[in-house]
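Notes to accompany the following structure.
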Amino acid sequence: MSHALINALGRNFLLRFDEGVNASFERSVRRAWAGAATPDASVRIDGEVLIAPGGSRPEPVLSDLSAIVTRRAIESNRGELWMAHAGGVADEAGGVCMLVGPSGAGKTTATRRLSQHFSYVSDETVAVTKDGCVLPYRKPLSLVTSGEPWKRQLAPGELGLGELPSAALRLRIVVVLDRRNDAPIEPQSVPLRTLDALEAVCEQSSALTSMPTPLSTVAGHLRLAPAFRVTYRDDADLVPTIRTLLESADSAAPEHITSEPRTLVPSWPAQPHLFRTSPFVDAVADETDIMMLRRASDGEGLLNRVRGLGPVLWRACRAGASLDALTAAALNTLGAPPSGELAEELTRAAVNDLCNAGLIERPVARA
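1016 is the number of the first residue of the sequence shown in the working numbering; add one for each residue after it.
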């Protein structure tokens, strides 16, 4: 039984071909995965994927194979790496630009176009180690072909995408893509506050709740690799913008971010009249806001951003606080409310918002 060895996010997978796979089909798989092929047969094998005979076309099997390898690579790195569903390109010095954004932001197209001028790192997942190194995932790229029901799976080299540089890959900048039809002709870039960037990248990240301190870790990476929002049209040339950002990343002034002591379980029993904070995985704060990650019932993460009066009240609830104490904390921190508004009513409304969001717990009723 023949096989091929590939690397995905630092993990080595053996693609084992079933005896029924014909030579032409096997060549199609090897060609598509040429960008991730590992020539060193002595490396440790982290997993195997059996490739069974497909139909008359290899595209459905290749499409499924990409999904299987991606899922296996992410699962095998769970809790060890920051993994973002993002595109990645690198300059000659190994500086990586992570391209992130919601569905429809143009990550795949932008990655493919930029990789004509930069090194192709991945169009699927960018994985960052604790010390800021980036592990490439040079999987095949999916290409829509007119009249064909399946996307073609093409190796980076078949599309003319750049090979990896000789230098080690390190995260250099994070770019949040904002593709708009009404954007200026020339792409526009603006620096992002750390919590704004954190919100954007965490929504596109995998297995965050498996990391010991996910928000603090990602915020630390953003301190060294500043984030920018790039607004652009679909037909815009992003190369000059990305090149300038990569070259000027060192000039960005890091923002002061603090980590909140985390609480995985309630630290004390619920008491009458006292509000308390709900369990959370990790939380970080800037001068005005708090970003918090909690664990949902299915194990996935729930990201909340606390603004306005919320941070004052949430911190006061960490040791337990009555509504009167919360009102006093709000007055002490923010001063008296505008004329005609009552401090207790404003505090009660903000507390209700925190309770409804699951960030603090209401007092237990007296027996």
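C-beta: ideal position from N, C-alpha, C; glycine also. All values derive from a computational prediction rather than experimental measurement.
Neighbourhood of residue i by C-beta, 8 angstroms cutoff - its chain only, sequence neighbours within 5 removed
i, result
"F1028", "L1020, I1021, N1022, I1060, D1061, G1062, E1063, V1064, V1084, R1087 and A1088"
"D1033", "M1016, L1065, I1066, A1067 and P1068"
"G1035", "A1067 and P1068"
"D1249", "G1121, T1124, R1194 and N1196"
"A1358", "T1342, A1345, L1346, A1351 and P1352"
"V1366", "F1290, L1328, L1338, L1341 and I1375"
"T1348", "V1327"
"P1227", "G1094"
Separation of residue j from residue i, as counted between CA atoms
i, j, result
"V1141", "A1212", "16 angstroms"
"P1199", "L1192", "14 angstroms"
"D1055", "C1112", "28 angstroms"
"Q1131", "S1293", "48 angstroms"
"Q1219", "V1058", "31 angstroms"
"G1335", "L1289", "5 angstroms"
"V1044", "T1053", "14 angstroms"
"L1374", "D1138", "35 angstroms"
"R1031", "H1018", "4 angstroms"
"T1278", "G1094", "18 angstroms"
"D1176", "L1158", "Sequence check: residue 1176 is Leu here, not Asp. Cα-Cα distance, rounded: 14 angstroms."
"A1038", "P1075", "17 angstroms"
"L1148", "M1306", "For the record, residue 1148 in the displayed sequence is Cys; it is not Leu. Straight-line Cα distance between these residues: approximately 25 angstroms."
"L1324", "L1308", "19 angstroms"
"L1253", "R1187", "17 angstroms"
"K1145", "V1379", "41 angstroms"
"G1102", "T1126", "6 angstroms"
Neighbourhood of residue i by C-beta, 7 angstroms cutoff - its chain only, sequence neighbours within 5 removed
i, result
"A1234", "T1209, L1213, I1272 and V1299"
"G1109", "P1180, A1182, A1183, L1184 and R1185"
"D1313", "none"
"G1355", "The predicted model places G1355 with a pLDDT of 49, which falls under 50 and marks its position as unreliable; any figure quoted below should be read in that light. Within the same chain, G1355 has no close Cβ partners at all."
"E1041", "S1017 and F1032"
"D1304", "L1210, R1320, V1321, R1322 and P1326"
Bounding residues of the beta strand (DSSP E) (the contiguous stretch that carries residue i)
i, result
"F1295", "First-last for F1295: undefined, no H or E at that position."
"L1114", "G1110 to V1115"
"S1157", "L1156 to L1158"
"G1103", "G1102 to A1105"
"A1471", "A query on residue 1471 cannot be resolved here, the shown segment of the chain reaching from 1016 to 1382 and no further."
"N1367", "Premise fails: N1367 lies in the alpha helix (DSSP H), A1358 to N1371, not in any beta strand (DSSP E)."
"R1238", "It is not in any beta strand (DSSP E) - R1238 instead sits in the alpha helix (DSSP H) that spans P1229 to L1239."
"R1244", "A1242 to Y1247"
"L1065", "G1062 to I1066"
"G1316", "G1316 to V1321"
"I1305", "I1305 to R1310"
"N1027", "R1026 to F1032"
"L1210", "Counting along the chain, L1210 falls outside any beta strand (DSSP E), though it belongs to the alpha helix (DSSP H) covering T1209 to C1217."
"P1326", "Not the beta strand (DSSP E): P1326 falls in the alpha helix (DSSP H), residues G1325 to A1331."
"S1274", "T1273 to E1275"
"V1205", "Q1203 to P1206"
"V1261", "A small correction: the amino acid at residue 1261 is Leu; Val does not occupy that position in the sequence shown. Careful: L1261 lies outside any beta strand (DSSP E), inside the alpha helix (DSSP H) at V1254 to S1263."
"A1099", "W1097 to A1099"
"Q1168", "R1167 to L1169"
Closer than 8 angstroms to chain D by CB, residue i
i, result
"S1231", "In the structure shown, chain D cannot be found, because there is only a single protein chain."
Rounded Cβ spacing between residue i and residue j (contact assumed at less than 8 angstroms)
i, j, result
"P1241", "A1264", "6 angstroms"
"L1260", "F1243", "6 angstroms"
"R1024", "Q1168", "Position check: residue 1024 holds Leu in this sequence, whereas Arg was assumed. That pair is no contact at about 18 angstroms."
"P1206", "A1267", "6 angstroms"
"V1327", "A1345", "6 angstroms"
"V1115", "V1216", "5 angstroms"
"A1047", "P1155", "4 angstroms"
"W1097", "T1232", "6 angstroms"
"R1383", "E1376", "The structure shown has nothing for residue 1383, since the chain only spans 1016 to 1382."
"I1257", "V1321", "The Cβ separation is near 33 angstroms, so there is no contact."
"E1270", "D1301", "6 angstroms"
"T1246", "P1202", "7 angstroms"
"A1099", "F1133", "Incorrect: roughly 18 angstroms between the Cβ atoms, too far for contact."
Terminal residues of the alpha helix (DSSP H) in which residue i lies
i, result
"S1043", "A1038 to A1047"
"V1190", "First-last for V1190: R1185 to R1194, but that is the beta strand (DSSP E), not the alpha helix (DSSP H)."
"L1349", "L1338 to L1349"
"A1088", "E1074 to S1091"
Same chain only: Cβ atoms within 6 angstroms of residue i, ignoring 5 sequence neighbours per side
i, result
"Q1286", "none"
"T1224", "V1296, R1310 and G1316"
"E1090", "none"
"Q1171", "Strictly speaking, residue 1171 in this sequence is Pro, with Gln absent from that position. If we look at P1171 and ignore the five residues flanking it on each side, its Cβ neighbours are G1050, Y1135 and R1153."
"R1026", "D1061, A1088 and S1091"
"L1150", "L1024, G1025 and A1142"
"C1332", "F1290, R1291, T1292 and I1375"
**Request:** Tell me the start and end of each unbroken beta strand (DSSP E) in the region 1123 to 1158 that is at least 3 residues and wholly inside, in chain order.
**Result:** The region 1123 to 1158 contains these whole beta strand (DSSP E) runs: 1134 to 1137, 1141 to 1143 and 1156 to 1158.
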